[in-house]
Ligand SMILES: Nc1ncnc2c1ncn2[C@@H]1O[C@H](COP(=O)(O)OP(=O)(O)OP(=O)(O)O)[C@@H](O)[C@H]1O
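Residue numbers (the UniProt record's numbering): 1 to 235.
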């Protein structure tokens with residue numbers, strides 16, 4: 001289980017997260033949603049020790065996460081991949097393996113996401129969607145219990161999107177905790193067990209997708225999300 005207790009983070013005068021309490025005690029697909037700049041990435045980076053919270057703790061399996069020693073136990077897909085541009089995808093994966101050890105599922109993932117045709121081309125020459133596939137394989141190469149995926153579907157074509165969804169459903173069945181930020185409402189509706197709605201630096205809502213729809217009186221997920229965002233703007 002993962003638990004955030006009183007997590008707060010400001011950048012200068014800007015309060016991004018303010019006393020966030022959030023607890024996930026079941027594996028599954030947990031969708032972290034909220035407007036642009038609401039702190040979703042900051043929350044993920046706090047989990048990884050890439051951002052140092054001003055206050056509060058993150059616990060994973062009862063252990064408070066400190067420093068970055070536990071990072072190998074988490075799969076993290078960053079929203080914007082920063083690659084060594086002169087390397088090929090294969091060289092990039094080898095570089096990761098030099099740090100983290102041999103991956104026994106890299107080849108299967110490469111095949112699954114159709115990387116073979118461009119595995120030996122320079123990363124700088126790849127399209128946005130191809131780069132995202134490389135980003136995904138690099139993030140999922142190790143079989144960790146916790147997955148933090150920041151906008152994983154960006155740029156993916158329909159085949160890759162389906163492959164990613166199938167993969168995540170398999171991971172879910174294997175008891176993984178999958179925390180995903182997304183602005184794609186149909187992904188939330190289709191995949192999420194839990195919706196975590198961040199607004200104004202706080203956890204505004206935690207519950208099932210249908211509970212979010214019910215609480216807003218909207219049938220469609222996109223309308224439910226839009227309604228919360230719009231009502232919030234008028235406050
Ligand atoms: N290192 C930083 N220094 C200063 N401000 C930052 C830093 N990182 C994030 N911020 C600010 O914190 C706020 C939250 O950013 P964050 O990336 O967490 O939002 P988000 O919810 O992931 O947004 P999006 O949906 O656009 O990806 C933004 O206003 C951003 O400009």
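By construction, the Cβ of each residue, glycine as well, lies at the ideal position given by its N, Cα and C atoms.
Helix, strand or coil at residue i [DSSP, three-state]
i, result
"residue 103", "coil"
"residue 19", "strand"
"residue 205", "strand"
"residue 64", "strand"
"residue 166", "helix"
"residue 80", "coil"
"residue 24", "strand"
"residue 14", "strand"
"residue 3", "strand"
"residue 231", "helix"
"residue 249", "With the chain covering only 1 through 235, there is no way to say anything about residue 249."
"residue 88", "coil"
"residue 46", "helix"
"residue 131", "helix"
"residue 115", "coil"
"residue 186", "helix"
"residue 156", "coil"
"residue 176", "coil"
"residue 142", "coil"
"residue 121", "coil"
"residue 108", "helix"
"residue 226", "helix"
Closest Cα partner of residue i within the set the options
i, options, result
"residue 136", "187, 43, 93", "93"
"residue 178", "185, 184, 167, 10", "167"
"residue 192", "54, 165, 3, 110", "165"
"residue 77", "226, 146, 170, 201", "146"
"residue 250", "134, 218, 61, 143", "Beyond the ends of the chain as shown, which are 1 and 235, falls residue 250; an answer cannot be given."
"residue 115", "7, 131, 104", "131"
"residue 15", "21, 7, 22", "7"
"residue 214", "110, 195, 203, 58", "195"
"residue 5", "49, 53, 161, 33", "53"
"residue 41", "23, 61, 181, 18", "181"
"residue 160", "148, 185, 111, 199", "111"
"residue 108", "174, 199, 140", "140"
"residue 23", "43, 34, 102, 35", "43"
"residue 144", "201, 103, 21", "103"
"residue 199", "37, 142, 80", "37"
"residue 203", "13, 10, 12, 33", "33"
For residue i: DSSP bridge partner residues
i, result
"residue 195", "31, 207"
"residue 55", "8"
"residue 181", "32, 150"
"residue 126", "Answer by DSSP bridge pairing: none, since residue 126 is not bridged."
"residue 136", "Its beta-bridge partners do not exist; DSSP assigns none."
"residue 75", "147"
*Could you say if the stretch 203-214 and the stretch 66-84 meet the contact criterion of at least three C-beta pairs nearer than 8 Å?*
no
*asked:* Under 5 Å, CB to any heavy atom of ligand 1. Which residues pass, going along the chain?
replied: 11, 16, 36, 37, 38, 39, 40, 41, 42
*Three or more beta-carbon pairs under 8 Å between the stretch 88-106 and the stretch 25-38, yes or no?*
no
_I want to know whether the stretch 58-66 touches the stretch 223-234 - three or more CB-CB distances under 8 Å._
no
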